[in-house]
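Take 5 as the starting number for the sequence shown in my numbering and just add one per residue. Here the structure comes first, spelled out in structure tokens, and everything after it is commentary.
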Amino acid sequence: MKDIKIKIKQVRVADFSVRDGSVDIEIFFNDYKTLKHLDSIDDPDDLAHEIVVEIRRKIRDKHQNRYSDDILGNIVNVSIENEDSTLQKMAMFFAKISDKVSAVKNTKTSSNYLGTINNVKSLKLELK
Numbered sequence: 005m006k007d008i009k010i011k012i013k014q015v016r017v018a019d020f021s022v023r024d025g026s027v028d029i030e031i032f033f034n035d036y037k038t039l040k041h042l043d044s045i046d047d048p049d050d051l052a053h054e055i056v057v058e059i060r061r062k063i064r065d066k067h068q069n070r071y072s073d074d075i076l077g078n079i080v081n082v083s084i085e086n087e088d089s090t091l092q093k094m095a096m097f098f099a100k101i102s103d104k105v106s107a108v109k110n111t112k113t114s115s116n117y118l119g120t121i122n123n124v125k126s127l128k129l130e131l132k
């Protein structure tokens, strides 16, 4: 049985499409990173939970020994450091992204339009 501890370090906007409002998110954890494409952010809490589940699944698949005869050797326990606060901070960050994307979509004037787009592209969350 393997115990693996994951620390999510940073979540940031990698790319933002003004045309359809989609956002690409990069999540940095331990020595890895993953990219998630979001067409829309309907429920930030569910999105944060979905991303954590996806990270667990990827780490479990990477470290699982499928060719071992040992039954316990195939079990991989993946735990997230400060999981509750991490989920809460990620949900608030996704809500912030959703608000900024809505602000870009609802902008009707050209004044500071590029500034609002750059605000979305520069969003990042540092988890310590």
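Cβ coordinates follow ideal geometry from the N, Cα and C atoms, glycine included. Just so you know, these numbers come straight off a predicted model, no measurement behind them.
Here THR38 carries a strand assignment [DSSP, helix/strand/coil]. By the Cβ test, the segment 8–20 is in contact with the segment 79–88, since at least three Cβ pairs between them sit closer than 8 angstroms. Note that the segment 107–123 touches the segment 18–38; at least 3 beta-carbon pairs, one per stretch, sit closer than 8 angstroms. From the listed residues LYS112, LEU118, ASN123, ILE101, the smallest Cα separation to SER44 is found for ILE101.
Residue environment: VAL57 is assigned as exposed (fewer than 16 neighbouring CB atoms within 10 Å of its CB, all protein chains considered). VAL17 is not a Cβ neighbour of LYS132, given a cutoff of 9 angstroms. Between SER126 and the set ILE29, ASP7, MET5, the nearest pair of CA atoms involves ILE29.
Contact between VAL27 and LEU51 is ruled out by a C-beta separation of about 11 angstroms, above the 8 angstroms threshold.
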